[in-house]
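Just so we're aligned: 1239 in my numbering is position 260 of the sequence shown, and the numbers increase by one with no gaps anywhere. Just so it is clear, CB atoms sit at the ideal spot from N, CA and C, and this is done for glycine as well. One structure is given below, encoded as structure tokens.
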Amino acid sequence: MQPFVYDMPAYRVIFGIGSLDRLAEEVKRLDVRRALILSTPEQRSFAEDAALRLGGTAVGIFAKAVMHVPIETARAARELALHLDADCYVAIGGGSTVGLGKAIALESGQPIVAIPTTYAGSEMTPIYGLTEGGIKKTGRDRKVLPRTVLYDPLLTVSLPPQVSGPSGMNALAHCLEGLYAQDGNPLTSLMAAEGIRALARSLPVVVSEPSNVEARSDALYGSWLAGTVLGATSMSIHHKLCHTLGGTFNLPHAEVHTVILPHAAAFNREAAPEAMRVAAEALGVDDAAQGFYDLALRIGAPVALKDIGMTAEGLERAAKLATENPYYNPRRVEYQGVRKLLEDAFDGRRPA
Ligand code: NAD
């Protein structure tokens, strides 16, 4: 048994079909009076439904959340919150909406109730991000961790297959990197393995039968575990590369995770054999890298960077950026190895 530190943040989770019905009760528990509801423009109807359920406690809706939390959006939401004298935020949506809630909580310290509708996992982490002048900065602060999270699989039924698949792969990436994280512990490893199992068995059903509520529940369960692992451990080369590719080359978040995952697993295969063994077993395959690749193909998710907006000219810069500052990874991160990883991902090659 390796020595470890166990320091899991505290939050309340309500999971289950119809758990949205408990929204008013859960907000009341926080002893707040004035909730501002947050969503993306596309999910405004979700926000309106939440407002109806809260009655007089809902003081407004800010339905302008967008990917990567631009500072201007965060400022507009903070101003509205001040104007409305809000003392609580209900973020209903994916990582973009939860991220906006975190940007407000970072300044105000007020509680967030998160209602996730994708598999990104942000609701379980103290990680926040803000984009200013085209540069995304991230940090960790327990203040931004949602106080209560309501997981209702019914809210994910409308998530289209082309969003569900990559979003689930994003969650799988949290699990894999959690398995070889320097600061992992036995509990995060158990959660990561169970998260991989739940996502691997549910995602093919989720994309072929989007309204299958059992599969949706299973996928959301996996994403809860994945988010918990992400929040409790430090990520390595996979997340570093995805951050670079998303931030500098403006590639879509979940799709980048989908494409990079098999190659990050192949990159670390020899250096993290136990993590790969656990991941492969959870996927029900012999090799984790190939298992992730085959799963992506099976669910119709992208497997090549060139198909999601990356240019061949950008590979050199991406490899340099990803190797610039040293960080923990099971295998030493150096330019040639990362360049090879990126080239394989660019072409969408099956990991050898
Ligand atoms: P997203 O929140 O941008 O949602 C993608 C699209 O799907 C949006 O148009 C949204 O309106 C729509 N959508 C969401 N749920 C839906 C549903 N149930 N039905 C129909 N449409 C729905 O995407 P995401 O992948 O969830 O989040 C990505 C963002 O979250 C990125 O900015 C990423 O950096 C961040 N993130 C942060 C963390 C963290 O710990 N801080 C973790 C994961 C992701």
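Quiz item: If you scan the region 1259-1310 from start to end, which runs of the beta strand (DSSP E) of 3 or more residues do you find wholly inside it?
Solution: Within the region 1259-1310, no complete beta strand (DSSP E) run reaches 3 residues.
Quiz item: Is it true that the CB of T1052 sits closer than 8 Å to the CB of L1079?
Solution: The Cβ atoms of L1079 and T1052 sit closer than 8 Å to each other.
Exercise. Could you please give me the residues that DSSP links to K1115 through a beta bridge?
Key: DSSP, once it has assigned bridges, lists T1110 as partnering K1115.
Practice problem: State the Cα-Cα distance for the pair A1261 and P1252, rounded to the nearest angstrom. | Solution: Whole-angstrom Cα-Cα distance: 14 Å.
Quiz item: So I1016 is in the beta strand (DSSP E); what residue range does that whole segment cover?
Solution: Segment 1014-1017, the beta strand (DSSP E) holding I1016.
Exercise. Could you spell out the range, first to last residue, of the alpha helix (DSSP H) harbouring T1052?
Key: That run of the alpha helix (DSSP H) goes 1050-1063.
Exercise. Ignore the nearest five residues each way along the sequence and tell me which others in A1245's own chain have a CB closer than 6 Å to its CB.
Key: A1268, P1330.
Quiz item: Three-state secondary structure (DSSP) at T1127?
Solution: Residue state for T1127 is assigned as strand, using DSSP reduced to three classes.
Exercise. Check whether the Cβ of G970 sits closer than 7 Å to any heavy atom of ligand 1, and report yes or no.
Key: Past the boundaries of the shown model lies residue 970; the chain is included only from 980 to 1331, so the question cannot be answered.
Quiz item: Okay, do the region 1069-1087 and the region 1097-1106 touch, 3+ Cβ pairs below 8 Å being the bar?
Solution: Touching, yes, given that three or more Cβ pairs across the two stretches are closer than 8 Å.
Quiz item: In terms of residues, what are the limits of the beta strand (DSSP E) holding V1038?
Solution: Taken as a continuous stretch (DSSP letters only), the beta strand (DSSP E) holding V1038 covers 1037-1041.
Quiz item: Sorted by chain position, which residues of the same chain lie with C-beta nearer than 8 Å to P1139's C-beta, five sequence neighbours on each side aside?
Solution: Apart from sequence neighbours up to five positions away, the residues of its chain that approach P1139 with a beta-carbon distance below 8 Å are P1189, ordered along the chain.
Practice problem: Check the DSSP bridge columns for N1068 and list the partner residues they point to. | Solution: The amino acid at residue 1068 is misidentified as Asn; the sequence shows Tyr. DSSP, once it has assigned bridges, lists L1015, I1091 as partnering Y1068.
Quiz prompt | Alpha-carbon to alpha-carbon, A1301 and G1327 | solution = Roughly 19 Å between the two C-alpha positions.
Exercise. Just grab the DSSP bridge partners of I1175 for me.
Key: Bridge partners of I1175: none, in fact.
Quiz item: Is the distance from the Cβ of V1129 to the Cβ of I996 below 8 Å?
Solution: Sequence inspection shows Leu at residue 1129; the Val mentioned does not correspond to that position. Not a contact, by the Cβ cut-off of 8 Å.
Quiz item: Considering only the beta carbon of each residue, do L1033 and L1002 sit closer than 8 Å?
Solution: Contact check for L1033 against L1002 passes: the beta carbons are separated by less than 8 Å.
Quiz item: Looking only at C-alpha atoms, which of G1144, P1305, I1239, R1057 sits nearest to A1082?
Solution: That would be R1057, whose Cα lies nearest to the Cα of A1082.
Quiz item: If you follow the beta strand (DSSP E) that I1216 is part of, which residue opens it and which one closes it?
Solution: No beta strand (DSSP E) holds I1216; the alpha helix (DSSP H) holding it covers 1216-1228.
Quiz item: Within this structure, are the beta carbons of G1088 and A1280 separated by less than 8 Å?
Solution: Between G1088 and A1280, the gap from beta carbon to beta carbon reaches 8 Å or more.
Quiz prompt | Beta-ladder partner(s) of R991, from DSSP | solution = Partner(s): T1127.
Quiz item: What is the rounded straight-line gap between the Cα of D1028 and the Cα of S1018?
Solution: The straight-line gap from Cα to Cα measures roughly 11 Å.
Quiz item: Per DSSP, what kind of secondary structure is F983 in: helix, strand or coil?
Solution: In the structure shown, F983 sits in coil (DSSP, three-state: anything other than H, G, I, E or B).
Quiz item: Okay, do the region 1178-1197 and the region 1106-1119 touch, 3+ Cβ pairs below 8 Å being the bar?
Solution: Contact between the region 1178-1197 and the region 1106-1119 is absent, because fewer than three Cβ pairs lie under 8 Å.
Quiz item: Secondary structure at Q1161, three-state DSSP: helix, strand or coil?
Solution: Per DSSP, reduced to three states, the secondary structure at Q1161 is coil, with no helix or strand assignment.
Self-check item: Contact belief for V1123 with C1067 at Cβ below 8 Å, rounded distance in angstroms
Solution: The beta carbons of V1123 and C1067 sit about 14 Å from each other, so the pair does not count as a contact at 8 Å.
Quiz item: Rounded to the nearest angstrom, how far is the Cβ of A1291 from that of V1282, given a contact under 8 Å?
Solution: Going by Cβ atoms, the distance from A1291 to V1282 rounds to 16 Å, so no, they are not a contact pair.
Self-check item: Check: I1287 C-beta below 7 Å from any heavy atom of ligand 1
Solution: Using a cutoff of 7 Å, the CB of I1287 does not count as near ligand 1, since none of the ligand's heavy atoms is closer than that.
Exercise. Classify I996 as helix, strand or coil using the three-state DSSP reduction.
Key: I996 falls in the coil class under three-state DSSP.
Quiz item: Between the region 1147-1160 and the region 1203-1211, are three or more C-beta pairs nearer than 8 Å?
Solution: Yes: at least three Cβ pairs fall under 8 Å.
Exercise. Check each candidate in L1134, R1310, Q981 and name the one with the smallest Cα separation from S1336.
Key: With the chain running from 980 to 1331 in the structure shown, residue 1336 is simply not present.
Quiz prompt | Nearest residue (CA-CA) to H1218, options V1184, A1160, T1127 | solution = From the listed residues V1184, A1160, T1127, the smallest Cα separation to H1218 is found for A1160.
Self-check item: DSSP-derived helix/strand/coil call for T1104
Solution: In the structure shown, T1104 sits in coil (DSSP, three-state: anything other than H, G, I, E or B).
Self-check item: Helix, strand or coil at N1149 [DSSP, three-state]
Solution: Residue state, collapsed to three classes: helix.
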